[in-house]
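Visitor: Numbering (this note's numbering), first residue to last: 55 to 173. The structure under discussion is supplied below as structure tokens; questions concerning it will follow.
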């Protein structure tokens, strides 16, 4: 079984967080409080996982800035959950979409090493 590509895993996590925020927004519109809470909880868990996976030593200031942004996102998502705040969800989604776009613009550095290691 092939080892998972770390770049692809982060991309999947970002997409999953965005998907859950969109679901939470739809749940608020439909009055489904239970599913809203579950979706926001999952989004928070994903963002927390992304925060925990940052390499502060290698990432320096960028990792520090991302950690602050991830902390902010968890706070906003929590507020959205507590107050059915669609604006907080939309703000969180917009920020994650920006991070996701930047992540997709990065070429994975591990790809050439993986090919060389397999040879």
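Built from N, CA and C at the ideal position, the CB exists for glycine as well.
#1: Three or more C-beta pairs under 8 Å: does that hold for the segment 58-73 against the segment 144-159?
#2: In whole angstroms, what separates the C-alpha of residue 118 from that of residue 142?
#3: Measure the CB-CB distance between residue 86 and residue 162 and report whether it falls below 8 Å.
#4: In this structure, does DSSP put residue 120 in helix, strand or coil?
#5: When we look at the beta-carbon of residue 88 and count the other beta-carbons within 10 Å, is it buried (16 or more) or exposed?
#6: At 4 residues or longer, what runs of the alpha helix (DSSP H) sit wholly inside the segment 110-160?
#7: With 16 other CB atoms within 10 Å as the buried threshold, where does residue 101 fall?
#8: Enumerate in chain order the residues of its own chain whose CB-to-CB distance from residue 168 is below 6 Å, with the five nearest sequence positions on each side excluded.
#9: Given that a residue counts as buried once 16 or more other Cβ atoms are within 10 Å of its Cβ, and exposed if not, what is residue 90?
#10: Compare the C-alpha of residue 137 against each of 155, 107 and 94 and name the closest.
#11: With C-beta atoms as the reference, is residue 128 less than 8 Å away from residue 81?
Guide: According to the structure data:
#1: Result yes; three or more Cβ-Cβ pairs closer than 8 Å.
#2: 23 Å
#3: Note that the C-beta distance between residue 86 and residue 162 is not below 8 Å.
#4: helix
#5: exposed
#6: 110-137 and 140-159
#7: buried
#8: The pLDDT assigned to residue 168 is 40, lower than 50, so where the model puts this residue is not dependable, and the model offers no usable value.
#9: buried
#10: 94
#11: no
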